[in-house]
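Here it is as structure tokens:
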């Protein structure tokens with residue numbers, strides 16, 4: 001896998017490359033460092049010190065306060081995200097399979113329509129979607145919210161799998177068909193085992209999208225079933241007296257921790273999956 | 001145990017379950033609101049305690065952000081899905097809009113039993129009714145046209161408490177010369193429009209104000225006096241912090257409290273910040289009517305509108321909420337925390353501080369003549385569409401130091417026309 | 001003839017097999033028809049009505065579009081989208097490609113560096129907006145820090161400057177998405193056929209020119225994927241604006257998605273909000289359809 005065009009000897013150009021990369025690292029990290037530092041400062045410290053100064057006294061009060069306000073919503077987000085991610089990935093895999101291996105008249109058109117759907121601004125669907133959910137008896141329920149996430153995640157999951165399966169040689173499937181293998185047998189025996197990289201991409205993408213969603217969460221979940229992003233918004237958008245930036249930042253970190261962890265731990269699968277075909281058109 | 005016995009046990013258990021669930025269902029009242037900041041949250045907590053004490057379940061649905069904009073989105077989607085909350089924070093002309101959709105429930109029984117007609121000022125009762133029936137319960141009366149002053153800062157700068165616009169500018173000059181921010185302000189559309197509205201009330205007078213923002217009278221909107229309002233607004237803008245964009249009102253209030261700024265133009269909810277900081281009205285801070293609006297009272301009334309429900313127990317809980325919201329106990333705690341005036345006319349005002357007492361006197365006074373006017377910036381005077389159009393023009397004007405007042409008046413008029 | 005015969009003779013099981021692909025796709029088709037196009041149609045209908053507070057179906061023709069055209073705020077929002085979208089996509093692409101190429105030079109600790117570039121994508125726009133709002137806050141953030149460090153004349157007040165606030169949005173959005181573009185291109189670079197490059201090297205071409213002339217042009221599909229994802233983010237960057245500027249100062253940093261939302265939900269001008277949504281979709285359509293057409297036509301031949 002590792003290969004390169006450049007020799008690995010030291011040279012001036014390699015120094016330049018490394019310094020550019022490291023400088024970029026610093027720029028990307030600054031906001032995170034500032035958030036972390038701030039979350040451990042006292043409000044007094046924040047006013048007098050500057051962004052990158054080390055906390056005068058490291059205090060966990062911001063984190064405790066933040067957890068007290070948004071912590072309870074953490075599990076709501078888990079309950080919403082896990083089923084939505086799993087189901088939309090599964091549906092996307094099946095759709096991608098049909099759209100790449102079992103094309104029929106109109107399947108390309110359907111794919112085009114689906115892709116265009118990616119670009120639909122979600123604000124436009126709030127009212128009709130809530131009307132539909134009301135008719136289905138799912139208004140203000142977690143299942144309703146999960147359904148909405150599945151529906152609007154479908155475009156991207158299908159896109160990922162379809163592009164991935166398009167790079168699988170047709171001959172493989174054709175041979176299996178001649179052997180009398182059925183639709184699901186081919187999917188389960190041949191395609192699914194080789195789909196691990198793209199499944200990872202899809203899971204990571206969907207997990208990030210759904211965990212971070214605010215709009216659907218605030219509209220379709222009610223009261224104590226709200227996801228953590230809604231609680232975060234309530235906290236950040238409310239201030240009494242002096243704005244408690246340490247609490248805001250700690251809460252933002254708590255809300256972002258799961259997705260950050262996923263990116264850090266599974267980041268290499270993400271790249272591997274992209275390399276394996278997700279980016280090919 | 002044999003199979004039949006086991007089966008019987010299962011069946012009896014199963015049949016018991018829904019029954020016990022029913023018996024244990026004391027009725028739930030879901031309240032959608034955006035009272036999330038410190039004092040407000042405390043006030044809501046008292047309401048919740050009352051309702052819970054009466055044996056009902058309180059389901060809190062707080063959505064902060066955008067002065068209730070996010071909460072309104074939630075409410076609209078909930079209404080369209082046929083599943084509205086029991087009560088929602090809706091006010092002013094919006095109550096009529098929701099009433100016209102046939103979604104609000106009549107509260108006449110609760111109102112009659114608790115003599116709301118006697119308790120509430122006529123003007124307030126009128127706003128709470130749709131088609132002659134009570135559909136909402138008011139919780140407070142805010143006065144918008146206040147000026148908040150830090151007397152220590154004024155003293156250091158040698159400034160005098162202003163009663164006219166000229167005196168306001170004189171005081172601002174003194175404050176500026178002494179190195180203070182003369183006017184604490186947050187650059188959000190509604191705050192910009194609050195200042196604009198106070199200026200209009202001061203320059204046009206209550207009658208002119210009514211013609212401009214309630215009747216949307218073109219002659220008043222395009223008149224010389226309206227140009228003067230914009231000119232004064234522009235001048236006032238030069239006394240505000242240039243870094244104010246997007247700042248919350250309570251952060252601006254904190255600047256006055258901490259002595260960084262001299263004054264703030266804001267409704268009486270600003271007092272909750274002073275109270276939270278442990279300051280005493282009349283001693284640590286002063287509240288005066290916005291210069292030139294003495295005798296006028298621009299009101300902003302918070303209310304909870306009640307939606308039609310199906311479940312009988314939930315309706316009982318809803319009625320209880322309506323009743324409790326007007327009881328003296330809640331009115332006292334809520335308004336002490338929020339800085340506003342109780343809506344009940346029979347309250348003992350000695351439990352409130354100097355500012356609220358003054359507000360109560362001014363309200364009675366203003367009620368007699370034309371002085372009692374609905375606040376435009378707080379969605380009491382006109383539709384949301386027209387209000388939004390005014391907001392756009394005003395906030396754009398105040399954020400462009402080179403803007404032309406005469407041009408702004410023309411824009412205001414055409415924007416209102418197109419939004420009507 | 002023979003095919004017809006096999007169909008006739010087909011067992012119910014075979015018939016099921018023939019219909020299975022369509023059956024499997026059917027739920028998604030239903031979802032797309034209702035959840036995407038049904039709702040678009042509904043919005044389209046509303047844009048011709050006088051819907052104000054709630055949907056109503058009184059026909060007013062093109063009046064809402066006419067009002068929209070007269071609205072100054074709409075034009076500010078549209079212009080902002082062009083500036084924001086254009087700069088965001090261009091800068092993210094340039095940074096993403098550059099970092100990917102540099103990272104492809106057998107870098108030690110590549111995995112760590114990659115993760116650092118990629119992590120902003122994991123955060124929600126609300127978190128990004130909150131963090132950058134604070135960093136760019138004049139008097140509190142970078143502005144103050146650099147002056148504390150002795151850079152006396154330094155002023156960074158773009159966030160409160162109506163003419164420059166949109167650049168603040170660009171900075172935050174580029175920070176968030178450029179690492180993702182880097183990942184896409186790095187993946188692309190890893191799948192480039194090595195023999196072509198070696199041949200060029202033998203011919204004596206320099207490394208930069210190999211990248212510019214041979215490698216990057218061969219990554220055309222990656223460019224398109226990146227463009228799709230970036231355009232998608234640009235059009236939907238509602239949360240970012242809401243958290244960072246709320247459209248201010250004034251409405252100088254408004255974007256069409258924000259405009260549409262506030263007119264539909266908080267302003268009680270649903271007809272006009274719908275009209276703006278339809279115009280947005282129209283604009284997306286005019287950019288997207290040619291691309292989709294060429295993409296899908298090519299695919300049919302492979």
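Protein chains in written order, with this note's numbering: chain A, 1 to 281; chain X, 1 to 420; chain P, 1 to 302. All C-beta atoms, glycine included, are put in the ideal place defined by N, C-alpha and C.
- Rounded to whole angstroms, the separation of the alpha carbons of residue 243 of chain X and residue 253 of chain X is 15 Å.
- Within the segment 246-269 of chain P, the residues whose Cβ lies closer than 9 Å to any Cβ of chain X are, in chain order, 246, 247, 248, 249, 250, 251, 252, 261, 262, 263, 264, 265, 266, 267, 268 and 269.
- Residue 199 of chain X places its beta carbon 9 Å or farther from that of residue 212 of chain X.
- Excluding five sequence positions before and after residue 251 of chain A, the CB atoms of its chain that fall closer than 6 Å to its own CB belong to 66, 70, 232 and 235, given in chain order.
- Here residue 227 of chain A is near residue 73 of chain A, since their CB atoms are less than 9 Å apart.
- In the displayed model, residue 63 of chain A falls within a helix according to three-state DSSP.
- Think of a sphere of 9 Å around the beta carbon of residue 110 of chain A: the chain P residues whose beta carbon falls inside it are 25, 28, 29 and 32, in chain order.
- By the criterion of a C-beta distance shorter than 7 Å, residue 117 of chain P is surrounded in its chain by 99, 179 and 182, once the five residues flanking it on both sides are discounted.
- The beta carbon of residue 273 of chain X sits closer than 6 Å to those of 250 and 253, all from its chain and outside the five residues before and after it, given in chain order.
- DSSP, reduced to helix, strand and coil, places residue 126 of chain X within a helical segment of the structure shown.
- Beta-carbon to beta-carbon, residue 197 of chain A and residue 273 of chain A are separated by about 4 Å, close enough to satisfy the 8 Å threshold.
- Here residue 310 of chain X is exposed. Its C-beta has fewer than 16 other C-beta atoms within 10 Å.
- Judged by their CB atoms, residue 46 of chain X and residue 297 of chain X are not nearer to each other than the 9 Å cut-off.
- A distance below 6 Å between beta-carbons, with the five flanking residues on each side excluded, links residue 151 of chain X to the following residues of its chain, in chain order: 286.
- In the three-state DSSP reduction, residue 263 of chain X falls in the strand class (E or B).
- Excluding residues up to 5 positions away in sequence, 97 lie with their Cβ nearer than 7 Å to the Cβ of residue 187 of chain A in the same chain.
- Of all residues in the segment 6-38 of chain A, none is placed with a Cβ closer than 8 Å to any Cβ belonging to chain X.
- Taking every protein chain shown into account, the CB of residue 267 of chain P has 16 or more other CB atoms within 10 angstroms, so this residue is buried.
- Here residue 365 of chain X carries a helix assignment [DSSP, helix/strand/coil].
- By a beta-carbon distance limit of 8 Å, residue 261 of chain X contacts residue 181 of chain X. Their separation comes to about 4 Å.
- In the DSSP assignment, residue 142 of chain X falls within the beta strand (DSSP E) that extends over 136-143.
- At a cut-off of 9 Å between beta carbons, residue 63 of chain A makes no contact with chain P.
- The three-state secondary structure of residue 176 of chain P, taken from DSSP, is helix.
- Considering only beta carbons, the part of the segment 112-131 of chain A lying closer than 7 Å to chain X consists of 126, 127, 130 and 131, in chain order.
- Distance between residue 149 of chain P and residue 132 of chain P, taken at the CA atoms: about 20 Å.
- Boundaries of the alpha helix (DSSP H) around residue 190 of chain X: 189-213.
- Taken atom to atom, the span from the alpha-carbon of residue 179 of chain A to that of residue 193 of chain A is near 19 Å.
- Taking the Cα positions, residue 160 of chain X is about 20 Å away from residue 232 of chain X.
- Residue environment analysis places residue 45 of chain A among the buried positions, since at least 16 neighbouring C-beta atoms fall within 10 angstroms of its C-beta.
- Taken in chain order, the unbroken stretches of alpha helix (DSSP H) that lie wholly in the segment 190-252 of chain P and span 4 residues or more are 194-202, 207-210, 220-236 and 238-244.
- The Cβ of residue 183 of chain A sits closer than 9 Å to at least one Cβ of chain P.
- DSSP places residue 299 of chain X within a strand segment (E or B) once states are collapsed to three.
- The three-state secondary structure of residue 314 of chain X, taken from DSSP, is helix.
- Within the same chain, and ignoring the five residues on either side of residue 81 of chain A in sequence, the residues whose Cβ sits closer than 6 Å to its Cβ are 210 and 211.
- CA-to-CA, the gap between residue 19 of chain A and residue 95 of chain P works out to about 15 Å.
- The criterion of a C-beta distance shorter than 9 Å is satisfied by residue 315 of chain X and residue 27 of chain X.
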